[in-house]
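Let me begin by presenting the structure, written as structure tokens, before commenting on it.
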Amino acid sequence: MAEEKLQRLEVVTPERKVYSEDIRFVVLPGSEGELGILPEHAPLVSALKIGQVRVQHEGKTLKIAVSGGFAEVRNNRVTVLANAAEREDQINLERAQAAKERAEQRLASGGSDIDTARAEAALKRAINRIKTVS
Ligand code: ATP
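Take the UniProt record's numbering: the final residue in the sequence shown is number 134, and no numbers are missing along the way.
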């Protein structure tokens, strides 16, 4: 049987390397919609929104929560540079639930000192982490 073609996926944040493997297929949360990337994809640069990177590797699908950033595809290499990223097994569910409640309370309070965009972004990050583990 011919060997399956693979591509390198690297997910990094300013703080750490989250994932680095040769994989078959990955779906990225592009700012304009999901991007499915197979080996030998054309070069591409895209902004990412808060969402999940879904990786097919060794017959399993792995989810990585990312909090926005950029992706570059070039020479059979997919690089995700994310503001923050966590694999499913790295997510602290209680922390994400607490962050969600905090953000919801801020938004509900409607005070003039609330940075609404910031609270909405925090809420999206928390919901994304909760979805990624559940
Ligand atoms: P919190 O209010 O709980 O800090 P946040 O959305 O403001 O959440 P970020 O600024 O996105 O947090 O991330 C800061 C750091 O904390 C990053 O390294 C990120 O990976 C990590 N992190 C945030 N929330 C979680 C979580 N629920 N589980 C594991 N790591 C987390």
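Ideal Cβ placement from N, Cα and C applies to all residues, glycine included.
Checklist entry - Excluding sequence positions up to five away, which residues of its chain have a Cβ less than 7 angstroms from the Cβ of Ser-91? => result The sequence shown places Ile at residue 91, rather than the Ser named in the question. So the list reads Ala-65, Arg-129, Thr-132 and Val-133, once near-sequence residues are dropped.
Checklist entry - Within the present structure, is the beta-carbon of Arg-106 separated from the nearest heavy atom of the ligand ATP by less than 7 angstroms? => result no
Next on the checklist: Less than 7 angstroms between C-beta atoms, sequence neighbours within five positions excluded: which residues of the same chain meet that for Ile-23?
Outcome noted: Leu-6, Gln-7, Leu-9, Val-55, Gln-56 and His-57
Item to check | Span of the alpha helix (DSSP H) around Ser-134 | outcome: Premise fails: Ser-134 is in no alpha helix (DSSP H) and is neither H nor E.
Item to check | Simplified DSSP assignment, three categories, for Glu-10 | outcome: The three-state secondary structure of Glu-10, taken from DSSP, is strand.
Checklist entry - Counting pairs of Cβ atoms below 8 angstroms between the segment 84 to 99 and the segment 23 to 40, do you hit three or more? => result no
Checklist entry - Under the rule that 16 or more other beta-carbon atoms within 10 Å means buried, what is Leu-38, buried or exposed? => result Within a 10 Å sphere around the beta-carbon of Leu-38 sit fewer than 16 other beta-carbons, which makes this residue exposed.
Next on the checklist: Looking at the secondary structure, which residues open and close the alpha helix (DSSP H) in which Arg-95 lies?
Outcome noted: Taken as a continuous stretch (DSSP letters only), the alpha helix (DSSP H) holding Arg-95 covers 93 to 109.
Next on the checklist: Let's see if you can read the secondary structure: which residues bound the beta strand (DSSP E) around Tyr-23?
Outcome noted: For the sequence presented, residue 23 should be read as Ile rather than Tyr. Its beta strand (DSSP E) spans residues 17 to 23.
Next on the checklist: What residue range does the beta strand (DSSP E) around Ser-46 cover?
Outcome noted: For Ser-46, the enclosing beta strand (DSSP E) has its first and last residue at 44 to 57.
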